[in-house]
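Enquirer: Heads up: the protein sequence lines correspond to chains A and B, in order. Residue numbering for the first sequence follows full-length UniProt numbering, beginning at 1 and increasing consecutively. Residue numbering for the second sequence follows full-length UniProt numbering, beginning at 1 and increasing consecutively. Heads up, the beta-carbon is just placed ideally off N, CA and C, and yes, glycines get one too. Quick one: the structure is below, and I'll ask about it shortly.
2 protein chains.
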Amino acid sequence: MSPKRAYSGEAAPATPGAVWLRAGDRRPASRAPALTRERIVTATVALLDGQGAQGVQGLSMRKLAESLDVHATSLYWHVSHRDDLLDLALDAVFAEVTLPEPNPDTRDADNSRTAGAWREDVGLFMDELRTALLRHPWSAPLASSRPLLGPQALARSEFVYAALVAGGFEGDDLTAAAAAVSNYVIGTVSAETAWQYENPGEEAAGRRALVAHLRAAGEEHPTLAAHPPSLSTDWEGHFARGRDFLLDGLAHAVAPSG
Amino acid sequence: MSPKRAYSGEAAPATPGAVWLRAGDRRPASRAPALTRERIVTATVALLDGQGAQGVQGLSMRKLAESLDVHATSLYWHVSHRDDLLDLALDAVFAEVTLPEPNPDTRDADNSRTAGAWREDVGLFMDELRTALLRHPWSAPLASSRPLLGPQALARSEFVYAALVAGGFEGDDLTAAAAAVSNYVIGTVSAETAWQYENPGEEAAGRRALVAHLRAAGEEHPTLAAHPPSLSTDWEGHFARGRDFLLDGLAHAVAPSG
DNA sequence: ACCTGAACACCGTTCAAGT
DNA sequence: ACCTGAACACCGTTCAAGT
């Protein structure tokens, strides 16, 4: 109704991932303030973790403020939008991905690259990322829908890029390989967490309904019916198999003869 | 006093003989309902498509109702929650993934499986799915965070399963392969759409800020700085490369010798 | 059977005002 | 510099009531 600037509500900020791009976003503090960005981010992660299957919808500025014993509007001194909070919380999850020093670009006696090194590094990254994302069920869907530009995320990307470069990737192959690795992990964990129930008690009933649904639909989908997709919920095993498929394909790209 | 279109009750009509003058006064005995689930879903997709980079947040029951010339609360006769609408809209996107009859499990003269058939089918599925998801930028993040159980989604799964079974996959390898294929596509498109701007005019400024950000961060991340991730935005090319990496890995699993 | 209207319990965000 | 308080423009969903 109002002609000028329509209510923007929860609309995404104009530039995706804008928190990371704004300079001079944070004012210097004079006296120890009640609120700091760190405290707010910690409380955000805690609130989201406590909201179970609600995901990112479990975060409201008002609930967050209450958990910090402050008014909702105070948060806006430290942060521009709710979305900033989500980006910051996500980067805090990436901080939990702990990685060693990457294996260097070592060579065998015949000057070919050692086969195992880069693959081990990339596989380790994938496993570690999955573990961190699973610890915070709201994080994988978020990671799949926001640019990953926070300092912690960038540091993890650096690790992957270094490992792939050591493995012989370069140019577009490098970019594509790194993207495939991240997207596989994030996509897989996102799918896995999509099955989480609000209430553990509902799981049994939900499972029964799913079996009945697939059986009914299965009459038209014989292959699917013969291999019910998510009834065997060995998520970790399936993750590892798919990870190895992808790593096999990457290995093929840098050593097509072998 | 009285609202604009009140039921007149027993009051005398203003115009004598007005019954005859009013069109549509008598509803047909079995009147077609104003709303159907199909109409609602179509309007939902249209609304979401029109909300640009807002994604799933662009859908409100009130706006949707307005676009259907109905009250928001009427929608609840046809649908239980807002989430139902999202699941229905997502399945409508899967309906746009058009696929041929899958290649059968053909054999070569030496009774080994023809190498190209299943791979062609799976690759086609991946390309088609990407295209459909890109047409509706809100759909990939949604697909990555909801179980894909709609009839259209299941039919597409059937195609992938059939192709993989024809290629020689079974058991956990089959499940893992199918999941990897879907998750790769959905994860990749989700990442791609995460970079979309609300307003095309902001893209240039956002790009400059991103370059500056990566340059500053690049001092600590040399490999990343040397290969700036998303500045070359050949999304399709990178998608195809990653797709082929994965397909190579899958091919290796069913023909480890070759 | 299908739709309306009022009501409830929430939202994110702005802005002037306080300290 | 940092926080409060009131206000604005929205939300999803319920339920009794209408036709």
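Along the alpha helix (DSSP H) that carries A/Glu203, what are the first and last residues, could you check?
Expert: First-last of the alpha helix (DSSP H) with A/Glu203: Glu202 to Gly218.
Enquirer: For a contact meaning CB atoms closer than 9 angstroms, what does A/Ser144 contact in chain B?
Expert: In chain order: Ala140, Pro141, Ser144, Ser145, Ile186, Gly187, Ser190, Ala191 and Ala194.
Enquirer: Taking contact to mean at least 3 C-beta pairs separated by less than 8 angstroms, is the stretch 134-141 of chain A in contact with the stretch 51-70 of chain A?
Expert: Yes, since at least three Cβ pairs between the stretch 134-141 of chain A and the stretch 51-70 of chain A fall closer than 8 angstroms, the two stretches touch.
Enquirer: Leaving aside the five residues before and after B/Val185 along the sequence, list all residues of the same chain whose C-beta is less than 6 angstroms from its C-beta, in chain order.
Expert: Here the set comprises Met126, Leu129 and Arg130.
Enquirer: Put B/Glu128 into one of helix, strand or coil per three-state DSSP.
Expert: If DSSP states are grouped into helix, strand and coil, B/Glu128 belongs with the helices.
Enquirer: Hey, quick one: how far does the alpha helix (DSSP H) through A/Gly248 stretch, first residue to last?
Expert: Here residue 248 of chain A is Asp; the residue named in the question, Gly, does not match the sequence. Per DSSP, A/Asp248 belongs to the alpha helix (DSSP H) from Trp235 to Val254.
Enquirer: Hey, which unbroken runs of the beta strand (DSSP E) at 3 residues or more fall wholly within the UniProt domain "HTH tetR-type" (34-97) of chain A?
Expert: Counting whole runs of 3 or more residues, the UniProt domain "HTH tetR-type" (34-97) of chain A contains no beta strand (DSSP E) stretch at all.
Enquirer: Residues in its own chain within less than 7 angstroms of A/Arg207 by CB, not counting five upstream and five downstream?
Expert: Hits under 7 angstroms: none found.
Enquirer: Are the C-beta of A/Pro151 and some C-beta of chain B separated by less than 9 angstroms?
Expert: Cβ-Cβ to chain B under 9 angstroms: yes for A/Pro151.
Enquirer: Given that B/Ala209 touches chain A, what residues does it touch there, using C-beta distances under 9 angstroms?
Expert: Those within 9 angstroms of B/Ala209 in chain A are Thr15, Ala18, Trp20, Leu21, Arg22 and Ala23.
Enquirer: Just confirm the distance between the C-beta atoms of B/Val41 and B/Ala89, as a whole number of angstroms; I'd bet it's less than 8 angstroms.
Expert: That pair is a contact at about 6 angstroms.
Enquirer: Since B/Thr233 and A/Tyr161 should fall inside the 8 angstroms C-beta cutoff, what is the C-beta to C-beta distance between them, to a whole number of angstroms?
Expert: That pair is no contact at about 18 angstroms.
Enquirer: If you compare alpha carbons, which of A/Ser157, A/Asp69 and A/Glu66 is closest to A/Phe94?
Expert: The residue with the shortest Cα to Cα distance from A/Phe94 is A/Ser157.
Enquirer: Quick check on this structure: which residue in A/Ala46, A/Lys63 and A/Pro16 has the alpha carbon closest to the alpha carbon of A/Asp83?
Expert: Out of A/Ala46, A/Lys63 and A/Pro16, A/Pro16 has the C-alpha closest to the C-alpha of A/Asp83.
Enquirer: Straight-line CA distance for A/Ala163 to A/Asp49?
Expert: Distance between the alpha carbons of A/Ala163 and A/Asp49: 32 angstroms.
Enquirer: Of all Cβ atoms in chain A, is any one closer than 9 angstroms to the Cβ of residue 260 of chain B?
Expert: Because chain B spans 1 through 258 in this model, residue 260 of chain B falls outside it and cannot be assessed.
Enquirer: What in chain A is Cβ-close to B/Glu219, meaning under 7 angstroms?
Expert: None at all; the shortest Cβ gap to chain A is about 11 angstroms.
Enquirer: Where does B/Gly171 fall in DSSP's three states?
Expert: The answer is helix: DSSP assigns B/Gly171 an H, G or I state.
Enquirer: Under three-state DSSP, which class holds A/Pro141?
Expert: Of the three classes helix, strand and coil, the one that applies to A/Pro141 here is helix, per DSSP.
Enquirer: Leaving aside the five residues before and after A/Ala192 along the sequence, list all residues of the same chain whose C-beta is less than 7 angstroms from its C-beta, in chain order.
Expert: For the record, residue 192 of chain A in the displayed sequence is Glu; it is not Ala. Cβ neighbours of A/Glu192 beyond the five flanking positions: Trp235.
Enquirer: Check each candidate in B/Asp121, B/Asp172 and B/Ala155 and name the one with the smallest Cα separation from A/Gly237.
Expert: Selected option, being the one with the closest Cα: B/Asp172.
Enquirer: Which same chain residues end up closer than 7 angstroms to A/Leu247 when comparing Cβ atoms and leaving out the 5 residues on each side of it in sequence?
Expert: Closer than 7 angstroms at Cβ, skipping near neighbours: Arg119, Val122 and Gly123.
Enquirer: Secondary structure at A/Ala225, three-state DSSP: helix, strand or coil?
Expert: Helix, per DSSP.
Enquirer: Pull up the distance between the alpha-carbon of B/Ala46 and that of A/Ala65, whole angstroms please.
Expert: So the alpha carbons of these two residues sit roughly 36 angstroms apart.
Enquirer: How is B/Asn183 classed by DSSP in three states: helix, strand or coil?
Expert: Looking at B/Asn183 - three-state DSSP - the assignment turns out to be helix.
Enquirer: By the DSSP assignment, the alpha helix (DSSP H) with A/Lys18 in it spans what residues?
Expert: Per the sequence presented here, residue 18 of chain A reads as Ala, with Lys not at that position. Ala18 to Leu21 is the extent of the alpha helix (DSSP H) around A/Ala18.
Enquirer: Of all Cβ atoms in chain A, is any one closer than 9 angstroms to the Cβ of B/Thr223?
Expert: Chain A, which has a Cβ nearer than 9 angstroms to the Cβ of B/Thr223, makes this yes.
Enquirer: Counting contacts by CB-CB distance shorter than 9 angstroms, is B/Thr175 in contact with chain A?
Expert: By this cut-off, B/Thr175 is an interface position.
Enquirer: Since A/Asp127 meets chain B, which of its residues come closer than 8 angstroms, beta carbon to beta carbon?
Expert: Those within 8 angstroms of A/Asp127 in chain B number zero; the least Cβ separation is about 15 angstroms.
Enquirer: Closer than 9 angstroms by beta-carbon distance: list the chain A residues that pair up with B/His71, in chain order.
Expert: Those within 9 angstroms of B/His71 in chain A number zero; the least Cβ separation is about 17 angstroms.
Enquirer: Below 9 angstroms between beta carbons is the criterion; list the residues of the stretch 235-255 of chain A that meet it against any residue of chain B, in chain order.
Expert: Answer set for the stretch 235-255 of chain A: Gly237, His238, Phe239, Ala240, Arg241, Gly242, Arg243, Asp244, Phe245, Leu246, Leu247, Asp248, Gly249, Leu250, Ala251, His252 and Ala253.
Enquirer: So B/Asp172 contacts chain A; which residues on that side make the cut at Cβ distance below 8 angstroms?
Expert: What B/Asp172 touches in chain A: Ser232, Asp234, Gly237, His238 and Arg241.
Enquirer: Going by C-alpha to C-alpha distance, which of B/Gly242, B/Val211, B/Arg37 and B/Ala216 sits closest to B/Ala77?
Expert: It is worth fixing the name first, because residue 77 of chain B is Trp in this sequence and not Ala. When each option's Cα is compared against that of B/Trp77, the closest is B/Arg37.
Enquirer: Determine the burial state of A/Val211: buried for a count of at least 16 other Cβ atoms within 10 Å of its Cβ, exposed for fewer.
Expert: The residue in question, A/Val211, is exposed, as its Cβ has fewer than 16 Cβ neighbours within 10 Å.
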